[in-house]
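So the structure is just underneath, and the comments pick up after that.
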Amino acid sequence: MLLVMVSVGMAIPACQLAVLQPYGAQAGSATGLFFFVQILITAVCGALLAAISDGSARPMVWVTAGASAAFAVVVSATRRHAACAAPTSRS
């Protein structure tokens, strides 16, 4: 587990740097917003889990499945939006 956490700790900042590199002036604000949203989602999932906890692992499975489904919807919508906004070449 330690190896996974260290790997994630090294990968996320590197990915964030690569994504934000073209936007140097807004990089600080974007990073702050990214971590705010990350902590907000974690807090909401934690509160939901505490509210529906019954002593078994089942609520954690439901919260994880719900978060995964929400992530899939966001990725799908983002890709659809990017495909619609992409300029077409006129040859």
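Using my numbering, the first residue of the sequence shown is number 972, and each one after it goes up by one. Backbone N, C-alpha and C define an ideal beta-carbon position, used for all residues, glycine too. All of these numbers come straight from a predicted model, not from anything done at the bench.
Backbone CA spacing between C1016 and A1043 [nearest angstrom]: C1016 and A1043: Cα-Cα distance of roughly 16 Å.
Residue span of the alpha helix (DSSP H) that contains S1039, given as start and end: Unbroken alpha helix (DSSP H) run through S1039: 1029 to 1056.
Could you pull the start and end residues of the alpha helix (DSSP H) that P1067 belongs to? Residue 1067 falls outside the range modelled here, since the chain spans only 972 to 1062, and no answer is possible.
Straight-line Cα distance separating L1004 from A982: Cα atoms of A982 and L1004: separation of roughly 19 Å, rounded to the nearest angstrom.
Supposed close pair T1002, Q992 - CB separation, criterion 8 Å: With a Cβ gap of about 12 Å, T1002 and Q992 do not count as contacting.
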